[in-house]
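In our numbering, the protein residues as written are 57 to 481.
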Ligand SMILES: Nc1ncnc2c1ncn2[C@@H]1O[C@H](COP(=O)(O)OP(=O)(O)O)[C@@H](O)[C@H]1O
Ligand SMILES: [Mg+2]
């Protein structure tokens, strides 16, 4: 089989790494890929959002299966374009991808299908939104969460504690449109208290097969300080989510959301991801994503025993009921090494050293995110540079190995968190 992976981050390196282990696969392409992916796949200089060119490429190169990493092409309808041309592709169509593309839509689905989530209201008018926050704080709310409706690459959510702060967020999103059309509408919801867990499942629109629960670390600095990022590390499995809680989440969150997409006419196929808060009152939904998480995937896929290509093909062909997922009874820890300054401004083009040494650490793989080749050197090319992942019999062993490998790696101004998973050891 010939497989095309769309994207070029750490998630896509983990996908390519896992796909390359399939005996069914003879050739992998990645668009655009990165320096790590280039060791396993042929990288093609196409943007993940250049849908027409990607479809032309898949047709010309007789691609048997395309796998989509990031959300943007899914929300823009890459799956619809491929399917219209008879090309097999793993991921949801444009309609069900609205679960991630519009937070207002997602919350409406949650309300209609009684999916546990924070109480909310949606607004398309800043004046009404302002009146609402005044009222909520007058009634004694300690805080509120304000979310831009549209795609905001993780920059559209604000937890606020004062009226003035809330009004400022409303103004910048809805009037100044600092995030463009994403702020045309907003969701305002109650603050949930608890631990966050990422729950992902493969689905063909009817059957859903869960992956083990993951925790990701969004803040830039240790002890969850600093700015929100795309993710600074992840651990799997997160034992806090017991098998009972996981089953509850499948019944109350994942299955109803899939049912909603069936009822809307186009069943969800691909990976459905519920971002959740494990509260004292059970697991509640923060959001839906319509693809693999990054860096969750870097910690999950090394634990999967199955041939992932068989799983994805079964999902595309609506016969996921024939598949049983097998997971290694081990732990995985992924530590992201970022460029100094990320998620703000940072330099690129800095040479990375120690990659071979890091790969010598037992049961460790270094997934590349923002890297590129410059002559025979590998240099930094993005905010998140590497996802250093290790397995162990215990979380402590996996952590120890991941950090042993991290300490082998050097580039100027590199930054990583030292507390990934420490809470659960
Ligand atoms: N209702 C809520 N209560 C508390 N924290 C929240 C709530 N909603 C979101 N958050 C926090 O904001 C982060 C981002 O929100 P999320 O809905 O996942 O949007 P996105 O990932 O698109 O930025 C969450 O990971 C969580 O830390
Ligand atoms: Mg999120």
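Cβ coordinates follow ideal geometry from the N, Cα and C atoms, glycine included.
Asked, Found
"Helix, strand or coil, according to DSSP, for residue 271 in the structure here?", "strand"
"Return yes when the C-beta of residue 343 is under 7 Å from any heavy atom of ligand 1, and no when it is not.", "yes"
"What span of residues does the beta strand (DSSP E) with residue 203 cover, start to end?", "200-204"
"Quick one: is the Cβ of residue 274 within less than 7 Å of any heavy atom of ligand 1?", "yes"
"Does the distance from the CB of residue 260 to the CB of residue 374 come in under 8 Å?", "yes"
"Taking only runs that begin and end inside the region 91-164, name each unbroken alpha helix (DSSP H) of 4 or more residues, in chain order.", "107-116, 127-132, 134-140 and 150-157"
"What runs of the beta strand (DSSP E), each 3 residues or longer, lie entirely inside the region 322-404?", "326-335, 338-345 and 387-394"
"Where residue 231 and residue 92 are concerned, what is the direct C-alpha to C-alpha distance, given to the nearest angstrom?", "42 Å"
"Looking at residue 163 and ligand 1, is the gap between the Cβ and the nearest heavy atom below 7 Å?", "no"
"Which residues in the same chain have their Cβ closer than 6 Å to the Cβ of residue 413, if we skip the five residues on either side of it in sequence?", "464"
"Count the other CB atoms, across all protein chains shown, that sit within 10 Å of the CB of residue 311; report buried if there are 16 or more and exposed otherwise.", "buried"
"In the region 212-236, which residue ranges form an unbroken alpha helix (DSSP H) of at least 4 residues, counting only runs that do not cross its ends?", "219-226"
"Following a CB-centred definition, is residue 397 positioned closer than 7 Å to any heavy atom of ligand 2?", "no"
"Say whether the region 238-254 touches the region 362-370, bearing in mind that this needs 3 or more beta-carbon pairs closer than 8 Å, one atom from each stretch.", "no"
"What do you reckon, are the CB atoms on residue 476 and residue 436 nearer than 8 Å?", "no"
"When you compare the CB positions of residue 299 and residue 443, do they come within less than 8 Å of one another, or not?", "no"
"If you draw a straight line from the C-alpha of residue 356 to the C-alpha of residue 152, how long is it?", "24 Å"
"Can you tell me where the alpha helix (DSSP H) holding residue 299 begins and where it ends?", "299-305"
"So, for residue 318: in the same chain, excluding its five sequence neighbours on each side, which residues have a beta-carbon less than 7 Å away from its beta-carbon?", "261"
"Where do the ends of the beta strand (DSSP E) carrying residue 421 lie?", "420-424"
"Counting only the same chain and skipping the five closest in sequence on each side, list residues whose C-beta sits under 7 Å from that of residue 215.", "199, 201 and 247"
"Pick out whichever of 99, 256, 257 and 294 has its Cα sitting closest to the Cα of residue 271.", "294"
"Please name the residue in 288, 87, 322 and 128 whose C-alpha comes closest to that of residue 470.", "288"
"Does the Cβ of residue 461 have 16 or more other Cβ atoms within 10 Å, making it buried, or fewer, making it exposed?", "buried"
"Helix, strand or coil for residue 57, going by three-state DSSP, please let me know.", "coil"
"Who are the Cβ neighbours of residue 113 in its own chain at under 8 Å, not counting the five residues just before and after it?", "60, 85, 87, 100, 102 and 119"
"What number of angstroms, rounded off, separates the C-alpha of residue 242 from the C-alpha of residue 82?", "46 Å"
"Looking only at DSSP bridge pairs, what is residue 69 linked to?", "According to DSSP, which records beta bridges pairwise, residue 69 is partnered with nothing at all."
"Examine ligand 2 and report whether any of its heavy atoms sits within less than 7 Å of the Cβ of residue 212.", "no"
"Could you have a look at residue 256 and say whether DSSP puts it in helix, strand or coil?", "strand"
"Look at residue 117 and residue 425 and say whether their C-beta atoms are less than 8 Å apart.", "no"
"Any chance the region 143-160 sits against the region 320-331, with 3 or more Cβ pairs inside 8 Å?", "yes"
"Taking the alpha-carbon positions, what's the residue 188 to residue 75 distance?", "49 Å"
"For a test of the three-state rule: what should DSSP assign to residue 79, helix, strand or coil?", "coil"
"With DSSP run on the structure shown, which of helix, strand or coil describes residue 459?", "helix"
"Does the Cβ of residue 128 have 16 or more other Cβ atoms within 10 Å, making it buried, or fewer, making it exposed?", "buried"
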